[in-house]
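K.L.:
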Amino acid sequence: MATPLKRVRGLGAAHRGTETFWRQRMTAIANIPLVIFLILSIVSHIGAPYDEVRAYFAQPVVAVLMLALMISAAIHMRIGLKEIIDDYVQGEGARVIAILLVTFFAAGVGLASVVAILKIGLGS
Amino acid sequence: MVQFTLPKNSKVKKGKAWNPPAQGAPAARYREYRVYRFDPDAGDNPRLDTYWVDMEDCGPMVLDALIWIKNNVDPTLTFRRSCREGVCGSCSMNIAGTNTLACTMHADDARGAIAVYPLPHLPVIKDLVPDMTGFYAQLRAIEPWLKTDSPTPQKEWRQSKEDRDKLDGLYECILCACCSTACPSYWWNGDRYLGPAILLQADRWIEDSRDERTGERLDELDDPFRLYRCHTILNCTKACPKGLNPAAAIASLKRKLVERGE
Chain A
1 MATPLKRVRG
11 LGAAHRGTET
21 FWRQRMTAIA
31 NIPLVIFLIL
41 SIVSHIGAPY
51 DEVRAYFAQP
61 VVAVLMLALM
71 ISAAIHMRIG
81 LKEIIDDYVQ
91 GEGARVIAIL
101 LVTFFAAGVG
111 LASVVAILKI
121 GLGS
Chain B
1001 MVQFTLPKNS
1011 KVKKGKAWNP
1021 PAQGAPAARY
1031 REYRVYRFDP
1041 DAGDNPRLDT
1051 YWVDMEDCGP
1061 MVLDALIWIK
1071 NNVDPTLTFR
1081 RSCREGVCGS
1091 CSMNIAGTNT
1101 LACTMHADDA
1111 RGAIAVYPLP
1121 HLPVIKDLVP
1131 DMTGFYAQLR
1141 AIEPWLKTDS
1151 PTPQKEWRQS
1161 KEDRDKLDGL
1171 YECILCACCS
1181 TACPSYWWNG
1191 DRYLGPAILL
1201 QADRWIEDSR
1211 DERTGERLDE
1221 LDDPFRLYRC
1231 HTILNCTKAC
1241 PKGLNPAAAI
1251 ASLKRKLVER
1261 GE
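Residue numbers (our numbering), protein chains in the order written: chain A, 1 to 124; chain B, 1001 to 1262.
What follows is the structure, encoded as structure tokens:
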């Protein structure tokens, strides 16, 4: 029985969203050179022995760039997956569960990548 | 999940062929129209009726053909129309797969039989008449009028020529809803996403040099659903029968919000 205006106004504006929008653009821009660097790193080591590849990724500059890529990509992925959920998943319960799952997934992938790079970089 | 298929009671059935031309009639003279019909009182599914319009007796636009059908074949065919010159926005519908105005769409611009449906993803009241209640409520929600706090001047709120120019491409919108109902984001989240037409209107008041509530207006748009469901799909700009660019207006809103907060 709510009026159309009441329904449209709903719970009001969240007064947020711009930060997420901007963060997704920033991580997108950061990902371009970082992914190119990753591809070049892999291509230039095709067929190289394990120790050489490991030594390459242990270099501080390479490790920093790889860390930057994994963190940036994980954030970008979390935002992108949430966008898809917001677009397509309806019903508050299903939305909350889906958001939890993609957040844990993105955090898990990001953290595992960070640990792997640190292990290589710190030589342990 | 989003509903990608039509619910059972909305599936379009084969309809009636109203006035097939007589055998041997010159084929070029008759233009075939397949028109979506829905009668809320009958309780039946919608159907696609076929009419043949005598082009020697009918004007060139799709709206002319619909009026011809209503006058000559089937007076129950229901659609909105008023100005017949692309100014009122009443006769917006989906013609040959595109949301546009029946009055400015030349029948010769479509090939073969011309399919005519109501605007997509709005509840259908009857035949080609969709329920625009939610759309108008969304327009009301962005408060599309001049809001000022300074004392009202004796004569008028003055605006420079340059500032007035900024409203070009915004003020011409006739609120036909062709853009909003062409937008997948609006299809899926039309209850919370304002859609291109309303966001263009919002930008029209935010761009207006005389309006003094720019910040409040931006506050009301800063929302993951109201504004940020726009993914720059650009169906809106492609659909606009007035040649406006709602996507650019939305981009301008996002730019202002980033400029303000980031």
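Ideal Cβ placement from N, Cα and C applies to all residues, glycine included. On a predicted model such as this, the values are computed, not experimentally measured, just so you know.
(1) Spell out the partners DSSP gives residue 1092 of chain B in its beta bridges.
(2) By the three-class DSSP mapping on this structure, what secondary structure does residue 1139 of chain B have?
(3) Using DSSP with H/G/I as helix, E/B as strand and the rest coil, what is residue 1208 of chain B?
(4) Is the beta carbon of residue 1200 of chain B sitting closer than 8 Å to the one on residue 1249 of chain B?
(5) If you draw a straight line from the C-alpha of residue 108 of chain A to the C-alpha of residue 1255 of chain B, how long is it?
(6) When burial is assigned at 16 or more other CB atoms within 10 Å of the CB, is residue 70 of chain A buried or exposed?
(7) Could one say the Cβ of residue 1010 of chain B lies closer than 8 Å to chain A's Cβ atoms, at least one of them?
(8) Just to confirm my understanding: we take residue 1226 of chain B, look at its own chain, exclude 5 residues before and 5 after, and list those with CB closer than 6 Å. What are they?
(9) Using a Cβ-Cβ cut-off of 8 Å, state whether residue 1122 of chain B counts as contacting chain A.
(10) For residue 1 of chain A, name the three-state secondary structure that DSSP assigns.
(11) In the structure shown, what three-state DSSP assignment does residue 1162 of chain B receive?
(12) What are the start and end residues of the beta strand (DSSP E) that includes residue 75 of chain A?
(13) Pull the bridge partners of residue 1048 of chain B from the DSSP assignment, please.
(14) Specify the secondary structure class of residue 26 of chain A as computed by DSSP and reduced to three states.
(15) I need the boundaries of the alpha helix (DSSP H) containing residue 1114 of chain B, first residue and last residue.
(16) Run down chain A in chain order and give the residues with a C-beta less than 7 Å from the C-beta of residue 1192 of chain B.
(17) Which of the three DSSP states is assigned to residue 1242 of chain B in this structure?
(18) Residues bridged to residue 1106 of chain B by DSSP?
(19) Between which residues of its own chain and residue 1013 of chain B is the CB-CB distance below 6 Å, once the five residues before and five after are set aside?
(20) Quick one: give me the first and last residue of the alpha helix (DSSP H) that residue 109 of chain A is part of.
P.N.:
Straight from the coordinates:
(1) In the second sequence, residue 1092 of chain B corresponds to position 92, counting from 1. Per DSSP, B/1101.
(2) Within the second sequence, residue 1139 of chain B is the residue found at index 139, counting from 1. Three-state DSSP puts residue 1139 of chain B in a helix.
(3) Numbered from its first residue, the second sequence carries residue 1208 of chain B at position 208. Residue state, collapsed to three classes: coil.
(4) Taking the second sequence and counting its residues from 1, the one referred to as residue 1200 of chain B is at position 200. Taking the second sequence and counting its residues from 1, the one referred to as residue 1249 of chain B is at position 249. Yes.
(5) Position 108 of the first sequence, counted from the start, is the residue given in the question as residue 108 of chain A. Position 255 of the second sequence, counted from the start, is the residue given in the question as residue 1255 of chain B. Cα-Cα distance, rounded: 33 Å.
(6) Numbered from 1 along the first sequence, position 70 holds the residue referred to as residue 70 of chain A. Its Cβ being crowded by 16 or more others within 10 Å, residue 70 of chain A is buried.
(7) Walking along the second sequence from the start, residue 1010 of chain B turns up at place 10. No, because no Cβ of chain A sits closer than 8 Å to the Cβ of residue 1010 of chain B.
(8) Numbered from 1 along the second sequence, position 226 holds the residue referred to as residue 1226 of chain B. Around residue 1226 of chain B: 1194.
(9) Residue mapping note: residue 1122 of chain B aligns to position 122 of the second sequence, counting from 1. It does not: the Cβ of residue 1122 of chain B has no partner Cβ on chain A nearer than 8 Å.
(10) Looking up residue 1 of chain A in the first sequence gives position 1. It is coil, neither helix nor strand.
(11) Reading the second sequence from its first residue, position 162 is the one you call residue 1162 of chain B. Correct three-state label for residue 1162 of chain B: helix.
(12) Counted from its first residue, the first sequence places residue 75 of chain A at position 75. Not the beta strand (DSSP E): residue 75 of chain A falls in the alpha helix (DSSP H), residues 60 to 88.
(13) Taking the second sequence and counting its residues from 1, the one referred to as residue 1048 of chain B is at position 48. Answer is B/1014 and B/1036.
(14) For the purposes of this step, residue 26 of chain A is identified with residue 26 of the first sequence, where counting begins at 1. Helix.
(15) In the second sequence, counting from the first residue as 1, residue 1114 of chain B sits at position 114. First-last for residue 1114 of chain B: 1114 to 1117, but that is the beta strand (DSSP E), not the alpha helix (DSSP H).
(16) One-based indexing of the second sequence puts residue 1192 of chain B at position 192. Ordered by position in chain A, the residues that pass the 7 Å Cβ test against residue 1192 of chain B are 10.
(17) Here residue 1242 of chain B corresponds to residue number 242 of the second sequence, with the count starting at 1. Residue 1242 of chain B: coil per DSSP, three-state reduction.
(18) The sequence position of residue 1106 of chain B within the second sequence is 106, counting from 1. Paired residue(s): B/1061.
(19) On the second sequence, position 13 is the one that residue 1013 of chain B refers to. Excluding positions up to five away in sequence, the list reads 1045 and 1047.
(20) Residue 109 of chain A sits at position 109 when you count from the first residue of the first sequence. Start and end: 92 to 122.
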